[in-house]
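Undergrad:
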Amino acid sequence: MVRSAAPPLPECGLAALSAFLLVLAFPDFGLWPLAWIALVPLVVTVARRPHVPQAFTLGWITGTLFFYGSCWWLTHSMIHYGGIPRPLAFVLLAPLTLVGGLFLAVFASCFARLCARWGLRALLLVPFLWTAQEWMRLGVTGQLWNAIGYSQAFHPPLIQAASWGGVYAVGFLMTMVNAALAYALLRRTTRSMIIALLPVALVIIALYASAAFNFIDAGEKSEPAAVVIGIQPNVPANFSRTLAENEALVNRHLTMSDDALREWERARPSQMLNGMLPSGGANETTNRQSNEPTTRSLPRVVIWPESPMNFTYARDAQFREIVGQFAHEQQTAVLFNALEPAPAGGAYNSAVMIDVQGRLVAQY
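Quick note: the sequence shown uses our numbering, first residue 43, plus one each step.
(1) Quick one: measure Cβ to Cβ for Gln194 and Val212, integer angstroms, because I've assumed they're closer than 8 Å.
(2) List in chain order: all unbroken alpha helix (DSSP H) runs of 4+ residues lying wholly within the segment 77 to 129.
(3) With the cut-off set at 8 Å, would you say Val344 and Val376 are in Cβ contact?
(4) Using the C-alpha atoms, what's the distance from Gly208 back to Val85?
(5) Between the segment 223 to 232 and the segment 275 to 282, can you find at least three pairs of beta-carbon atoms closer than 8 Å?
(6) Find out if the Cβ-Cβ distance for the pair Ser252, Ala290 is shorter than 8 Å.
(7) Taking Ala380 as part of the beta strand (DSSP E), name the residues at either end of that continuous run.
(8) Measure how close the beta-carbons of Ala150 and Leu186 come, nearest whole angstrom, since I'm counting them as under 8 Å.
(9) What does DSSP give as the partner residues of Met395 in its beta bridges?
(10) What residue range is occupied by the uninterrupted alpha helix (DSSP H) comprising Val65?
(11) If you draw a straight line from the alpha carbon of Arg410 to that of Gly366, how long is it in whole angstroms?
(12) For Gly272, list the residues DSSP reports as bridge partners.
(13) Considering only DSSP beta bridges, list what Phe353 is partnered with.
(14) Along the chain, where does the alpha helix (DSSP H) that runs through Gln360 open and close?
(15) Which residues in the same chain as Leu64 place their Cβ atom closer than 6 Å to its Cβ, once the five residues preceding and following it in sequence are excluded?
(16) Is the beta carbon of Thr106 closer than 8 Å to that of Ser60?
(17) Could you compute how far the alpha carbon of Ala389 sits from the alpha carbon of Val292?
(18) Can you tell me whether DSSP reads Ala47 as helix, strand or coil?
(19) Determine contact between the segment 118 to 125 and the segment 65 to 73, defined as no fewer than three beta-carbon pairs at a distance below 8 Å.
(20) Near Ala189, what residues of its chain come up, given a Cβ to Cβ distance below 7 Å and the 5 sequence neighbours on each side ignored?
(21) Helix, strand or coil for Ala386, going by three-state DSSP, please let me know.
(22) CA-CA distance, Pro52 and Phe378?
(23) Quick one: grab the DSSP three-state call for Ala324.
(24) Using a Cβ-Cβ cutoff of less than 7 Å, which residues in the same chain neighbour Ala356 once the five nearest sequence positions on both sides are dropped?
(25) Hey, Leu56 and Pro95 are a contact pair by Cβ (cut 8 Å); roughly how many whole angstroms apart?
(26) Which whole-angstrom value is the C-beta distance of Leu165 and Ala89, which I expect to be below 8 Å?
(27) Please list, in chain order, all residues of the same chain as Ala302 whose beta carbon is under 7 Å from its beta carbon, the five residues on each side excluded.
(28) Alpha carbon to alpha carbon, what distance is there between Met351 and Val399?
(29) For Pro347, count neighbouring Cβ atoms within 10 angstroms of its own Cβ and tell me buried if that reaches 16, exposed if not.
(30) Let me make sure I understand the geometry here. Which of Asp358, Thr354 and Gln373 has the alpha-carbon closest to that of Arg342?
(31) Just to confirm, is the Cβ distance from Gly191 to Met218 under 8 Å?
(32) When DSSP labels each residue in this structure, what does Asp301 get in the three-state scheme?
(33) Which residues bound the alpha helix (DSSP H) around Val219?
(34) Please state if the CB of Phe361 and the CB of Phe353 are separated by a distance shorter than 8 Å.
(35) Please list, in chain order, all residues of the same chain as Ala404 whose beta carbon is under 6 Å from its beta carbon, the five residues on each side excluded.
(36) With the cut-off set at 8 Å, would you say Ala408 and Val168 are in Cβ contact?
Have a look at this one:
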C-alpha cells in the first residue's frame, strides 16, 4: 500500500513544477501570468494516471512546496520576535506548510477519482474542485493565504469578477483556463485545441463583462468621492507596555491622523486651482469650483489597521472618549482593529467603526 502511494519520480517532478510556477506567480517574484498555467503539470499528471493514493501524494507535494515557497515570511516573527534561530525557524515552517498542502492533496485525489470514473470529462469539474478546496481551507484553518486569485491582485481588469464572487470567482476563472490547457495537452488534436479555446473564450468574455460593468478608469473621474486615510505607526511588539507608553502610542495615532487630514485639506485647493481654465474663462472656473465638493463635505474615514497596539474599545472608557472626540472634531469616521470581549471571558479580534458623531456604528 505504501509503495502504491509513491508516484514515479518524473510525476513528482511535474507536481513540484506546478508548485514552482505558483510560487513565481506571487510576490516577491510577481510573475502573475504563470498562475494561469501553473496547475497544468499537476492536472495533466493526475489525469494521465488517475490513481487516488498517488494523486493524493502529488497534490501534497504541490501544496507543501507552494506554501513553503510563498509563506516563508512567517519565519520573520519567529526570528525577530520569538528569538528562534533562523535555521530552526525554517524547520518549524515545514509542519504548517504540510498542513496547507493537505488541501491540494484532497483536490488532486478527488480529481483522480472523477477521472477514473468519467475520463477527461472530469476536467470540467476542476474549477469547482479547486474553489471547494480553497473554501474548505478557509473554513478549517481560518486562513486563505495565497489563494490563486490573489496572484492577480495588482491587475484590476483581471479581478473584476471578485465583485460577484470574491477571490473564489477569480480563482474559478483561472483554474478553468488551466483545465482547458490541460485538456489540449492531453488530447493533442485540432479538435481538442478548438474545444479548449471555448472555456478560454468564456473566461475572456467574463473578464471583459465584469470589467465593463465594474471597472472605473481613474482618468474618468477627476473628482474624489471620499477621503481615505491609512495610518500605521511603528508599534513595538511589546505586550507589557506601561500605561504611559500606551497613551503615547494612542496619541501618536491621533497626531498622525490629524496631520494626514490637514495635509489633504491643504493639498486639495491647490489641486483644484491648478486645473486648466475652460473656454469660459475665470468666471466659469469660479462657478464650476463653487459646485465642486469641499474637503469637509466629502465622506472621510481614517483607518488604523491591525497591529500590536490592541485597542480595547468596549473596556477602555478613556479610549472611547478620545477616539469619539477625535471623530467628531475631525468629522471623520474611524475604522480600527480592537480586542473586544467575547462570551465566557474570551476576546474577539475585531474591527470597530466609529461614525462622525463619535458613536459606535459597526463591529465585526
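For glycine and all other residues, C-beta sits at the position ideal for the given N, C-alpha and C.
In this text the structure is predicted, and so the values were computed from the model without any measurement.
TA: For this structure:
(1) That belief holds up - the Cβ atoms of Gln194 and Val212 are roughly 6 Å apart, short of 8 Å.
(2) Listed in chain order, the alpha helix (DSSP H) runs fully inside the segment 77 to 129 are 82 to 90, 94 to 112 and 116 to 122, counting runs of at least 4 residues.
(3) Yes, Cβ-Cβ distance for Val344 and Val376 is below 8 Å.
(4) Taking the straight line from one Cα to the other gives about 24 Å.
(5) Too few Cβ pairs lie closer than 8 Å, so no.
(6) At a Cβ-Cβ threshold of 8 Å, Ser252 and Ala290 do not count as neighbours.
(7) Counting along the chain, the beta strand (DSSP E) containing Ala380 begins and ends at Ala375 to Pro383.
(8) Going by Cβ atoms, the distance from Ala150 to Leu186 rounds to 19 Å, so no, they are not a contact pair.
(9) For Met395, which the question treats as bridged, DSSP gives the partners Leu377 and Ala404.
(10) Per DSSP, Val65 belongs to the alpha helix (DSSP H) from Leu51 to Ala67.
(11) Limits of the chain in this structure are 43 at one end and 406 at the other, which puts residue 410 out of reach.
(12) Ile345.
(13) DSSP lists Ala380 as the beta-bridge partner residues of Phe353.
(14) Its alpha helix (DSSP H) spans residues Ala359 to Gln372.
(15) Excluding sequence neighbours, Leu64 sits near Ala80 and Phe108.
(16) No, they are not a contact pair.
(17) When rounded, the distance between both Cα atoms is 21 Å.
(18) It is coil, neither helix nor strand.
(19) No, the segment 118 to 125 is not in contact with the segment 65 to 73.
(20) Non-local beta-carbon contacts of Ala189 in its own chain, meaning distances under 7 Å to residues more than five positions away in sequence, involve Glu176, Val209 and Gly213 in chain order.
(21) Ala386: helix per DSSP, three-state reduction.
(22) Annotation: Pro52 to Phe378 spans about 50 Å, alpha carbon to alpha carbon.
(23) A caution first: Ala324 carries a pLDDT of 42, below 50, which makes its placement in the model unreliable, though a value can still be read off. Helix.
(24) Here the set comprises Glu382 and Pro383.
(25) About 17 Å; that fails the 8 Å criterion.
(26) Right, their Cβ atoms sit about 7 Å apart.
(27) Only Ile271 and Ile273 meet the Cβ criterion.
(28) Residue identity differs from the one stated: residue 399 is Gln in this sequence, not Val. Going by the C-alpha atoms only, they are around 24 Å apart.
(29) By the neighbour-count criterion, in which 16 or more other beta carbons inside 10 Å mark a residue as buried, Pro347 falls on the exposed side.
(30) It is Gln373 whose Cα lies nearest to the Cα of Arg342.
(31) Taking 8 Å as the Cβ cut-off, Gly191 and Met218 do not qualify as a contacting pair.
(32) Of the three classes helix, strand and coil, the one that applies to Asp301 here is helix, per DSSP.
(33) Looking at the DSSP string, the run of the alpha helix (DSSP H) that includes Val219 is Ala204 to Arg229.
(34) Contact flag set, yes.
(35) The answer, listed in chain order, is Met395.
(36) Given a span of 43 to 406 for the chain in the structure shown, any question on residue 408 remains unanswerable.
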